[in-house]
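S.K.: Supplied in structure tokens, the structure appears directly below.
In the numbering used here, the protein residues as written are 285 to 436.
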């Protein structure tokens, strides 16, 4: 009888742990939801060429890595939009995931994009990673990386 009670208690404890972990893994935390919204705001600002929003969303020392390995600062990214060197026409995010650890977080997303950069067509599917850090109480993008998805 005593062994049966111990087995039942252990089974219930394990079930509660498994259920709790599964629930935790499937529900985005409020920080992760906030990061996903910040990423969407960043994409919309880029599409609308909204320099004021980009300035607010990107940290002053932001560095982006393009799909060909080129690096660009926040100032260069904004300058390219203003000058017409970068001309986005559409970005459709098909998958987005977020993870947050205290005052740091990462977004992984896949999107289909249309646009031009430096006079070249840049349309296609891309995989993106954006690193966000809470600076002075608000989330800002500090780094980004984009890789064009090559169909095999």
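Every residue, glycine too, gets a C-beta built ideally from N, C-alpha and C. This one's a predicted model, so the numbers in the text were calculated from it and none came from an experiment.
Who are residue 349's beta bridge partners in DSSP?
M.R.: Sequence index remark: in the chain shown, residue 349 carries index 65 (1-based). Answer is 355 and 429.
S.K.: Closest by CA to residue 382, which one among 431, 415, 355 and 422?
M.R.: Residue mapping note: residue 382 aligns to position 98 of the chain shown, counting from 1. Checked all of 431, 415, 355 and 422; the closest Cα to residue 382 is 415.
S.K.: Where does residue 420 sit, in a helix, a strand or coil, going by DSSP?
M.R.: For the purposes of this step, residue 420 is identified with residue 136 of the chain shown, where counting begins at 1. DSSP places residue 420 in coil when its eight states are reduced to three.
S.K.: So residue 426 and residue 346 are supposed to be a Cβ contact under 8 Å. How far apart are they, rounded?
M.R.: Within the chain shown, the letter at position 142 stands for residue 426. Within the chain shown, the letter at position 62 stands for residue 346. Residue 426 to residue 346, Cβ: 6 Å. Contact.
S.K.: Can you tell me which of 421, 387, 424 and 375 puts its alpha carbon nearest to the alpha carbon of residue 411?
M.R.: Here residue 411 refers to the residue found at position 127 when the chain shown is read from its first residue. When only C-alpha atoms are compared, the closest one is 375.
S.K.: Tell me whether residue 313 is buried or exposed, calling it buried when 16 or more other Cβ atoms sit within 10 Å of its Cβ.
M.R.: Position 29 of the chain shown, counted from the start, is the residue given in the question as residue 313. So residue 313 ends up on the exposed side.
S.K.: Going by DSSP in three states, residue 409 sits in which element: helix, strand or coil?
M.R.: Position 125 of the chain shown, counting from 1, holds the residue named residue 409. Correct three-state label for residue 409: strand.
S.K.: Grab the span of the alpha helix (DSSP H) containing residue 332 for me, first residue to last.
M.R.: Here residue 332 refers to the residue found at position 48 of the chain shown. 314-332 is the span of the alpha helix (DSSP H), which, as asked, contains residue 332.
S.K.: Which of the three DSSP states is assigned to residue 339 in this structure?
M.R.: Numbered from its first residue, the chain shown carries residue 339 at position 55. Reduced to three states, the DSSP call for residue 339 is helix.
S.K.: Using DSSP's beta-bridge definition, name the partner residues of residue 380.
M.R.: Taking the first residue of the chain shown as position 1, residue 380 is located at position 96. 393.
S.K.: Counting C-beta neighbours from all protein chains within 10 Å, is the total for residue 378 16 or more, i.e. buried, or is it exposed?
M.R.: The residue given as residue 378 occupies position 94 in the chain shown. That one is exposed.
S.K.: Should residue 428 be labelled buried (16 or more other beta-carbon atoms within 10 Å of its own) or exposed?
M.R.: Working through the chain shown from its first residue, we reach residue 428 at position 144. Classification for residue 428: buried.
S.K.: Judging by CA-CA distance, which residue of 360, 431 and 424 is the nearest neighbour of residue 321?
M.R.: What you label residue 321 is simply residue 37 of the chain shown in a count that begins at 1. Cα-wise, what sits closest to residue 321 is 424.
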